[in-house]
Structure formats: C-alpha cells, structure tokens
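>
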Amino acid sequence: MAVLQPAANGRRAMTVEERNYLLLQRLRSLIKHAVLITFGIAFMLPFVWMISSSVKPNIDIFEIPVRLIPKSLRLENYIDATNAIPFWQYLWNSTYYTIFATIGAVLSNTFIAYGFARVRWRGRNVLFIIVIATMMLPFQVRMIPLYILFARIGWLNSFLPLIVPNFFGNAFYIFLMRQFMMTLPKELDDAARIDGASEWGIFWRVAVPLSKPAILTVAIFEIIHTWHDFIGPLVYLRHPTKYTLSIGLRLYFTQYGAEWGLLMAAAAMFTIPMVIFFFFAQRSFIEGITLTGLKG
Amino acid sequence: MFKLKRDPADQPNSWRTDNLPAWGLFFVAPWIIGFVAFTVYPFFASLYYSFTNFNIINLTPRWVGLDNYVELFTADPLFWTSISNSIRYAALLLVFATVFDIFIAYLLSQNVKFLSIYRTIFFFPVLVPVVAASLTWIWILNPRFGLMNGLLDLVGIKGPNWLASPDTAMYSLIFIGVWGSGRQVIVYLSGFNDIPRQLYEAADIDGASGLQKFWRITLPLLSPQIFFNVVTLIIFSLQSFSEVYIMTQGGPANSTLLYAVNLYNRAFEDYAMGYASALAWIMFLLILGLTLIIFKFLSGHVIYER
Amino acid sequence: MTERNEKQISRRDMLKMLGGSAAGLSLAKIAGLGGGAAVLMRGMPAGAQSKVEIWTGFGQGRMADAMQGAIDNFAVENPEFAPEHIIVPWGEIHDRVIAATSAGSPPDAYRGWAWIVGDAAIGALTNLQPYVDAQNVDLMDFWPATLNQMKFQGDVHAMSISTIVNFMYYNKDRMREGGLDPDSPPTSIAELDAMGAELNDIADDGEILRLGFSPTLPNAQVWDWGAAFGSQYWDEAEGNIALDEEAWVELLNWYKSYGDKFGVENLAAYRSTYGGNGFGRNSPQGIYYTGLISFWVIGSWLFNDMGEYGPDVDFGVAPIPTVEDAEDATPGTSIGNMYFVPANCANPDGGFAFANYMSSSPFVAINKALPDSVMPSRPSLATLPEVEEEGAWTVLARDEILPNTLERPSFPGNGFLGRALNESVENVMFNDADPATVIADAVARSRREVERMRG
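So this is what it looks like as structure tokens:
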C-alpha cells in the first residue's frame, strides 16, 4: 500500500501532504480494526454464550433480559453433566475413533500420494483424475449400500465401518499430499537412486521425512473431522455404549426436555479439546489450509 | 478438479524409460482396493437398489423397475420441496459466505496488527463440533430466552422467531453457515498474500481507483481461490445434513427440509431403502450437473499464472 | 460379570471380523476394545444367569429410579436372568432399536408405544404368541383397547405395562382470575375456544404472554384432536389408513382459526420458546406450573409432575373436549405403553420374561406405573386399592375416559402418517394451503407407504 515513504527515521520534517497521508492511513487502520473487532466479537459470542450458560443455575438460564455474565456461578453443572449421561465413556469413544481414524488417514494417504506424486507410471494421471472425481460423489449415495454391506459382514455397531475405510485413502488428502510432494526436488530421489535405494527406500527415507508438514496437515484435518463427525456415528453406531460424544450429547434431551445448563457444559467440554489442540497446532493448521493445493 | 501440479518430467512415453508401473501400482494399491470396495461397489449397488423396494430389516431387494423414480417425480411433493430448499440453501450460502469471507480476508491482508489473533477468531467456529455448535445455536436463537433476541431487545428491536418460523428458518441456517465458514477466510487470505504488491503500486502510479484495482487486479488474481472455495462449498452445502437434522429436522412447515435430511428420513425412519437409493442417485446427478456447470462457467476465468 | 461380558463382546466382535480384509482383521482387536466397556450397565451381579439387555428412555430422576427398582425386583424374582439396563434418548429409541435389529445386535426387550407394533409388518419384532400360549398368559385381563394394540394380525407382539390416557388439564386459579367457574371446565370444542379466549394475556405487539388455549402447543398431539373431531385412522377391513377427511378439513380450519386469531408468528414464538426443548416438565418454572397456559391436553403422566413441581397450582382434569355434533368423536386416543422383544435378539426368552413381568407384576403396577402416573393395562391391577387411592385421575381415566377413547391403532407407516399430519397442520397454518387438498395428499402418501412396507 505504502507508495510514499513517510519520514524515514524522522530526520526530515514531514510535508503537509505526507502528514495528511499518515493521518488518512491511521484513520483507515482504525476503521479496519473497528470492523474486525465487531465481527470478531460477533464470531466469538456463541462460544461465550455456551460457556456462560454452562455455569448458570437453571433458574438464571430462563432470565429476561439475557445476561452474558452470569449472576451466580454453578460449576456443579460440569459435574452433573458428566453424571447425567455416560460422558466419560463417550469421550473415550470419540477419542478412540479419532486416534485410529487419524492413524489410518496418515498412513494410507502418505503412501498413496507418493505413488501419484513421485513414481512415474502409465495410467497415473487417468487414475488421479478418477481420485479427484470421487470427491463429487455424495456420501448419501454410498450410505445405503455401505450400511447393507457392513450389516452383512457384521461390522455394524462397531467402529470398523468408520475406521477401516480410512486405511484406503481419501481423495481430498491424496490431492493435498500429492500437491505437496510434487514440490519436493526431484534430485533427491535421483541421488538416492544412484546410492542404490529402492523405490520403497526413497519413499521411506526421502519422501516421508520431507513431507512432514503435509502429513501433519492431514493429521490435523482428520482429527478435527473425526471429532466432529456426526452422520457416520449416527448411521453406524447404534448401540448406546458405543456412542461418540457427538451422538451422545443428544441424550441431554430426555423425557424432561433439555437441561440447557448441563447441555452447554457438556458442549463446552466437547469443544475445549479442539481449542487446546488448535493452539498447539495452529501454525501447521493455517499452513495446511493454505496448502490445499491452490498455488499454481 | 483444481489446478493440478504438472510433473515437468511427465513426458508421454516416460513410463517406458522410467520406473516399472509395478511400483506405482504398489503405492496406489490401497486406494484402488478402497475405491472398488467403498466407492465403485456402493455406486452401482445404489443404482441397482434404486430400482427395488426393500426395508431395513429384510435386506432383500425386490425389483420394482422405474416405480421409485416415477413416484419421486410425479407423486412426492417433499422431493421437490427438498430440492428447491437445498438449491436455495447452497446458492444463498455461496453468495453470502463468499462476499463476507473475501471482505474479511481482504481486511486481514492489509498488514493489520494482531493478525494471528483475528485469524484465530474467524477460524474458531470451525473448531466447535457441529453438534455442540448446533445445540448452542438452538439456544441462542430461542425467541424469548436466547442471546440473539436478547441483544436485539437492548437496541429496541423485536427479534424474529429465527428457527421457529418458515420465513426466517432458512436464513438462520445460512447465517450459521457463514459463521462457520472460517476455512474459506484462510484460503482467501493466502490468495491475497500471494498477489504481488508491485501490481498495486504500478496501478497507483497509473492513477487507478480502489474499485478499479479490485476489479482489475484483486479479483482476477484471487480467482483460483474463489474457484476452489465455490466448488467445495457447492459440493458440501448440497450435502448438508447434520446442522439441519439437529436444529430443525426440516421444519417448520418443511421450510428447511434439505435434500439430505429428506433422504435420511426416508431411509432410516421410514425404512424405504430402495426409494432412498433413488433419491441418492438424483442427488448425485444434481451435484454432478451443478459442478460441471460451474466448471464450464468459471474455469475459463480462472487465472493461474502470475 | 461386567468384565466377563466385555471379554465375550470383544471376542465375538473379533470372530465377526474373520471374514474381513487383511487390514480389517488387524483392526479387529482394536475395535473390540473400543466398544466393549458399558458404563451404563446397572444390572445385578450374577453367576450362571442369562443376560437380558433392556433399553428404555428413563434416564434420570424419579422415573429412572422407579424403572431401576422394577428391574432390580425382576432380578430378585427371576434369578435365572441378569438384566442389564441401557438408557437411550426417548426420541430416538425406536430408530435405534430398528437399526440395531438390522445390525443383528438388538436389545432383548425395550420400552416403546403401541404404534410400534406395526413394525411386525417388516419383521422387526419377535412374535410373542407362542410364549403367551405356552405360559398361559391371561390375555383377558387387559383392557380390550390395549389388547388390540398388542396384537398384529391376531398374534401378540408386545406386552403392555400401562395405558396412556390423555386428559384436558385446566388451571382453576387462572379460571377464577378470568371470571370463569373453575368447576365447570369446557366439554366441547366450542366451549374450549370461548373459555380459552377469556384467559389470554397478549401484549400490545401481539406477543403472547399467557395463553388460555391453543391446539398448537407442544405435546398436544394431532392424533388426539383428530379423534376429538370424529376421525378414525385405520380401516381394518381394507387393511390400510383411512381418515374421515371431512372431519380433518374441519380440524385443519380450526388450527387455522387459531393462527388467524393470534398471528401464526406469535404462536410459533410461544411454542418455540416454551415448547419441546424449552420449558420442560421437570422444572418449577415449567409452563404448566406457572399459569402460562390455562387449558392443555397431555397424558395422565403429567399428573405426578404437577404434584411435584407445581404443588400450589389448583388444577383439575377432565376428558378432552370434542366437537359436539360430530358422530364418533372421542375424547382423544389411548396408547399402550409396551415392552417389545426385537426380532433376532440374543435372549428372546429373557426378553419375554421381562416384558411379561412388567405387564403383570403388582410390584411394577404400584412402584412403577403409579409413580409415572399412568394406568396399569390390566384391570386386575388397575383396581388394586393402591391404584384407587392414588388420586382422582386413576378412576376418571379408568372408568370414564378409557372406555370412550379411540385406540391408537398399531399399523405399519404410523410414523409416516404422524409426520404427514403434522406437516398438513403446518402447511395450512403457515402456507395457507387448502385443507382438503393437503389432507387428501397426506392420506394418499401415507397409504402408499403402508403398501411399500408390505413389500
């Protein structure tokens, strides 16, 4: 933006134009921040409201006018929330599903993407176009036949229908990792090949270590995706002992109607692991989204 | 689908001189197995099922020919309602989310201070599990005790019924959709950051106005990101299910009955698996058609080389 | 016992896996570990007993305690069975059992409602008639309406614990405030309209502060109003859905008149604020206990809640008002609360034993049905002194309402019809749809659904 170079080091006195320009810049920056802060607050409000409701006693929940800062605290909501439904069981189920789905996604997609990115072979590009095309096939088309398939082989009510397919690659992740692997210098492969490394050796000792950022990105995406997954568990996990939290949260709507305090406490406990996770993985996270293969 | 990276060494006949196809197939094998088992098989099975009638308990399909398709087009008002709802949802979400996200990303690209904090905030809704977010939104949008109308009350506006009224329920969903579209902000932001500063400086020298710069420089150079976001958003929003299933179950008066919700109801509540398979196939064709149209109209305008 | 079962479960899961692919096989152990531990188990410890898995929606509070008490007593009386109680959200229990049945791992018994008997049409239920015959279960000792609901094509497919009868509750305090005689509640729809109108409390901008009456309120079932307007639901001879469409046109116009009177949006706001998930029945702030509504129609099961959460409310119960000049008009529908044994469950003997116990044990009638304020389905239990002494509602329900109500028929496609009827109401109220067209369409679609389920 800055076309003029305003008063470098402040040695030279500013002209009127320069001063006006600076003023204008400040004003613009002020407006920018005002807009961003307004929207930023609006974006955070639902979460704030979740937390705020989660510590309110039932009486205060139904209060008019609404109060963002609770009048009185009832932290017991959190304890009650974990007792009202088998919260810890569901948390464990969610964690379990997330861990193995992520392992599957990382292993398979790294492996497959290498085949598409670094090995040259006939038919590769045709096959890759098919990979991309599968992204357009809605889950709903596959839902019913897969349900029947998994019912026939006795996989329903276990985590297998959710986890096993992850070990066979996913178009979006293959795409993402392939785009990344293409950017690695070819010379490394050739050097390794001259040293007598096999294709497997190149994959394992050259490509995998260099692809760490992309692998991390896939892991992060998959962790969030699995943790949030609703329709998968809804369709396949029908036994109450196997519910993940995303399904189990609805147990707070019992014959009594909703217990908003408990529900919000549980929702907060369901969200917070992702928030903590995000703060640790933030950089790879943002890079990962940027990396989704958009740079020509 | 998107701009693919080309392997410079990818000569038409390089396979002969280079590695054996065996190695490539070795690495790609898991995908081929999964593709056959989890995509090809369900794809054709679903097509077959769509010509049959069977329920969830007795999984033996009985051939009924075109009956399901005939019924769907001629005698099922919910089919048409759900198609038009889904298209409306996808179209409106597309417009609002794209404009809003580009706007926010633009502001963020202007060397603002605290960039990472803002970025985190706009990305934050993506982190809230869809179930937790949806339940929270039900509560926020309660006409009387909810935060939304409570805040509107403070400034003297009597808020609408949000999810409880057929006039506003769809807009409430779109509003929530825009709130949750932070992923796109990040993508657009990366696009803005890739636009070379010199182009703007040159335009300044030529005396171009802000608007001119936006139309002539920003938008064309942002086109890959726009293309990517538009395509993914269309594909995902036409498949939207969880939010609506949790918040409105398609009501009131079917005003939010999205296609995927109707399909789920038919399959897993009415146990009409054959009929639901026919619905699924129409959905596939719909998504395919819309995606192809977008490709045709947008891909010509996408500029990849800088 | 818990540990042993976990091992069994994981071993079984693993066996199932043998048919899977190589990658799947290696995952079997992992998956077996993941799903095993059942925190919800509350069953009695047992030695060589057979496990009976029971699903209900009784999660917390008074009703959950009563349920657990009944299960514990079952275990004491039947030491050969080890009951295991699993709690499922009420709204999902049917879907989930169906899906679990399709998956081959249903519970051995579960708690649902009469209309689920229609599932027998798709083979989702165990036919209990052989058990009933072998064990000489006294079927004559059921309310005739309830017994009909237990049967599908002549065979018993469910055992009923209790029968829900719907009342019109009326808030006498509010009636006094409005200058109405608290001892003469409305008996006809016309009276209900007139008296309800007296007790509305509307803000200047149309916002409903307190409601006299509206049929759109949560929990008021469209089925009951249909009966009160003189409609049937099922034609036994034809074996398909049949509504009195003229009565339904009148009913839909009645709904519409409420939309016109209050403004549809105001009714929607009221409903959304307090209804369904908003203001539950288990809080003293609930809509029924604070005078926010004066006349409402709901099951007898609210009775004890009224005592618990609104002890100071002076209220009465009466039969649901009906359309005066309509032939066949009945004060709502009755619905049996049922225990079902899903098809292909692991322990159908145990499932039936439990279902039969729940429907015949005096202990259950007194310690489970009464605290839930629902009437036992067997006359012999409903005439126990404890039941008679429970409160005015039992005698009213037993002697005056039940004999006159329409039994909610149990047919396949019941859920679809319910959805279609509610859609019709919404379409007429919100979209100004033509009642005759809407109802004819709803019936036609529901009839087709019945045909489809028959295959």
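Protein chains in written order, with the numbering used here: chain A, 2 to 297; chain B, 47 to 352; chain C, 1325 to 1779. Virtual Cβ for every residue (Gly too), placed ideally from N, Cα, C.
Kindly indicate which three-state DSSP category E1557 of chain C falls into: helix, strand or coil?
Within the third sequence, numbered from 1, the residue matching residue 1557 of chain C stands at position 233. Note on identity: in this sequence residue 1557 of chain C is Tyr, with Glu being the wrong assignment. Looking at Y1557 of chain C - three-state DSSP - the assignment turns out to be coil, as it is neither helix nor strand.
> Let me see if you follow: with CB-CB separation under 8 Å, is S42 of chain B close to chain A or not?
Residue numbering for chain B in the displayed model covers 47 to 352; residue 42 of chain B lies beyond these limits and cannot be assessed.
> Spatial neighbours of A172 of chain A within its chain, please: CB distance less than 7 Å, with the 5 preceding and 5 following residues excluded, ordered by chain position.
Sequence index remark: in the first sequence, residue 172 of chain A carries index 171 (1-based). Cβ neighbours of A172 of chain A beyond the five flanking positions: V132, I133, T135, M136.
> Would you identify the three-state DSSP class for L211 of chain A, choosing helix, strand or coil?
As a working mapping, residue 211 of chain A is identified with position 210 in the first sequence. L211 of chain A falls in the helix class under three-state DSSP.
> Taking the alpha helix (DSSP H) that S130 of chain B falls in, what are its first and last residues?
Taking the first residue of the second sequence as 1, we reach residue 130 of chain B at position 84. Start and end: 123 to 155.
> Does the distance from the C-beta atom of L154 of chain B to that of V36 of chain A stay below 8 Å?
Along the second sequence, read from residue 1 onward, the residue named residue 154 of chain B stands at position 108. Along the first sequence, read from residue 1 onward, the residue named residue 36 of chain A stands at position 35. No, the pair does not count as a contact, with Cβ atoms beyond the cut-off.
> Looking only at its chain, what residues have a beta carbon closer than 6 Å to the beta carbon of L139 of chain B, apart from the 5 residues adjacent to it on each side?
By 1-based counting over the second sequence, the position of residue 139 of chain B is 93. The beta carbon of L139 of chain B is closer than 6 Å to those of I220, G223, S283 in its chain, skipping five residues each way along the sequence.
> Please list the terminal residues of the continuous alpha helix (DSSP H) segment that includes N300 of chain B.
As a working note, residue 300 of chain B is residue 254 in the second sequence. Here N300 of chain B belongs to no alpha helix (DSSP H), and DSSP marks it neither H nor E.
> Helix, strand or coil: which one does DSSP assign to F173 of chain A?
Taking the first sequence and counting its residues from 1, the one referred to as residue 173 of chain A is at position 172. Helix, per DSSP.
> Note down, in chain order, every chain B residue with its Cβ under 7 Å from the Cβ of F1754 of chain C.
Numbered from 1 along the third sequence, position 430 holds the residue referred to as residue 1754 of chain C. Neighbours of F1754 of chain C on chain B, chain order: P212, P298, A299.
> Straight-line CA distance for I80 of chain A to L74 of chain A?
Indexing the first sequence from 1 puts residue 80 of chain A at position 79. Indexing the first sequence from 1 puts residue 74 of chain A at position 73. Whole-angstrom Cα-Cα distance: 13 Å.
> At the level of alpha carbons, what is the spacing between S227 of chain B and I167 of chain B?
Mapped onto the second sequence, residue 227 of chain B falls at position 181. Mapped onto the second sequence, residue 167 of chain B falls at position 121. The straight-line gap from Cα to Cα measures roughly 12 Å.
> Going along the region 222 to 251 of chain A in order, which residues come within less than 7 Å of chain C, judged by CB to CB distance?
Contact annotation: in the region 222 to 251 of chain A, residues whose CB is within less than 7 Å of a CB in chain C are R239, H240, P241, T242, K243, R251.
> Express the C-alpha separation of T99 of chain A and M1483 of chain C in angstroms, rounding to a whole number.
Locating residue 1483 of chain C in the third sequence gives position 159, counting from the first residue. Locating residue 99 of chain A in the first sequence gives position 98, counting from the first residue. Cα-Cα distance, rounded: 41 Å.
> Pair every Cβ in the region 1414 to 1429 of chain C with every Cβ in the region 1653 to 1663 of chain C, then say whether three or more of these pairs are closer than 8 Å.
No: the two stretches stay apart, fewer than three of their Cβ pairs being nearer than 8 Å.
> Around the Cβ of Y94 of chain B, are there at least 16 other Cβ atoms within 10 angstroms (buried) or fewer (exposed)?
For this step, residue 94 of chain B is matched to residue 48 along the second sequence. Looking at its Cβ environment, which holds fewer than 16 other Cβ atoms inside 10 Å, Y94 of chain B is exposed.
> Return the chain-ordered list of same chain residues with a C-beta closer than 7 Å to the C-beta of S92 of chain B, the five sequence neighbours on each side being excluded.
As a position in the second sequence, residue 92 of chain B is number 46, starting the count at 1. Cβ within range, chain order: S323, A326, W327.
> Give me the Cα-Cα distance between F101 of chain A and F1687 of chain C, rounded to the nearest whole angstrom.
As a working note, residue 101 of chain A is residue 100 in the first sequence. As a working note, residue 1687 of chain C is residue 363 in the third sequence. If you draw a straight line from the Cα of F101 of chain A to the Cα of F1687 of chain C, it is about 48 Å long.
> Using C-beta distances below 7 Å, list every residue in its chain close to V1752 of chain C, excluding the 5 sequence neighbours before and after it, in chain order.
Counting from one through the third sequence, the residue named residue 1752 of chain C turns up at place 428. Closer than 7 Å at the Cβ level, and outside the excluded window around V1752 of chain C, lie L1576, Y1579, K1580, P1759, V1762.
> Please say whether S54 of chain A and W183 of chain B have beta carbons closer to each other than 8 Å?
Here residue 183 of chain B refers to the residue found at position 137 when the second sequence is read from its first residue. Here residue 54 of chain A refers to the residue found at position 53 when the first sequence is read from its first residue. No, the pair does not count as a contact, with Cβ atoms beyond the cut-off.
> Going by DSSP, which residues form a beta bridge with A1433 of chain C?
Along the third sequence, one-based indexing puts residue 1433 of chain C at 109. For A1433 of chain C, which the question treats as bridged, DSSP gives the partners C:I1378.
> Buried or exposed: G1359 of chain C, going by 16 or more other Cβ atoms within 10 Å of its Cβ?
Sequence index remark: in the third sequence, residue 1359 of chain C carries index 35 (1-based). Low local confidence applies: a pLDDT of 33 at G1359 of chain C is under 50, so the model's placement there is unreliable, and no value is given.
> If we define contact as Cβ-Cβ less than 8 Å, is E188 of chain A a contact residue for chain B?
For the purposes of this step, residue 188 of chain A is taken as the residue at position 187 of the first sequence. By this cut-off, E188 of chain A is not an interface position.
> Of all the options C:Q1373, C:F1382, C:P1703, C:S1555, which has the alpha carbon lying nearest to the alpha carbon of A1469 of chain C?
The count along the third sequence starts at 1 and reaches residue 1469 of chain C at position 145. Checked all of C:Q1373, C:F1382, C:P1703, C:S1555; the closest Cα to A1469 of chain C is C:P1703.
> By DSSP, does W1439 of chain C sit in helix, in strand, or in coil?
Counting from 1 along the third sequence, the entry for residue 1439 of chain C is found at position 115. Note: W1439 of chain C maps to helix in three-state DSSP.
> Could you work out which residues of chain A lie near I1659 of chain C, taking near to mean beta carbons separated by less than 7 Å?
Within the third sequence, numbered from 1, the residue matching residue 1659 of chain C stands at position 335. By Cβ distance, chain A contributes nothing, its closest Cβ being about 15 Å from I1659 of chain C, past 7 Å.
> Per DSSP, what are the beta-bridge partners of D1525 of chain C in this structure?
Within the third sequence, residue 1525 of chain C is the residue found at index 201, counting from 1. BP columns for D1525 of chain C point to C:R1534.
> If we cut at 8 Å on Cβ distances, does S92 of chain B have a partner in chain A?
Sequence index remark: in the second sequence, residue 92 of chain B carries index 46 (1-based). Interface residue, yes.
> Strictly under 8 Å for the Cβ-Cβ distance: is T1450 of chain C near chain B by that measure?
Position 126 of the third sequence holds residue 1450 of chain C. No - not a single Cβ of chain B is within 8 Å of the one on T1450 of chain C.
> Can you tell me whether DSSP reads P1700 of chain C as helix, strand or coil?
Position 376 of the third sequence, counted from the start, is the residue given in the question as residue 1700 of chain C. In this structure, P1700 of chain C counts as strand in the three-state DSSP scheme.
> Any idea if D1649 of chain C is buried or exposed, counting beta-carbon neighbours within 10 angstroms, 16 or more meaning buried?
Residue mapping note: residue 1649 of chain C aligns to position 325 of the third sequence, counting from 1. Under this definition D1649 of chain C is an exposed residue.
> May I ask which residues mark the beginning and end of the beta strand (DSSP E) holding E188 of chain A?
Locating residue 188 of chain A in the first sequence gives position 187, where the first residue counts as 1. Segment 187 to 195 is the alpha helix (DSSP H) holding E188 of chain A; no beta strand (DSSP E) there.
> In chain order, which continuous runs of the alpha helix (DSSP H) of length 4 or greater are located wholly inside the region 65 to 142 of chain A?
77 to 85, 88 to 118, 125 to 134
> According to the Cβ coordinates, are S109 of chain A and P76 of chain B closer than 8 Å?
Residue 109 of chain A sits at position 108 when you count from the first residue of the first sequence. Residue 76 of chain B sits at position 30 when you count from the first residue of the second sequence. Against a cut-off of 8 Å, the Cβ pair of P76 of chain B and S109 of chain A comes out as a contact.
> Under a CB-based cut-off of 8 Å, is S1697 of chain C close to chain A?
Against the third sequence, residue 1697 of chain C aligns to sequence position 373. It does not: the Cβ of S1697 of chain C has no partner Cβ on chain A nearer than 8 Å.
> Consult DSSP for I1611 of chain C and reduce its assignment to one of helix, strand or coil.
Residue numbering aside, residue 1611 of chain C sits at position 287 when the third sequence is read from its first letter. Three-state result, I1611 of chain C: coil.
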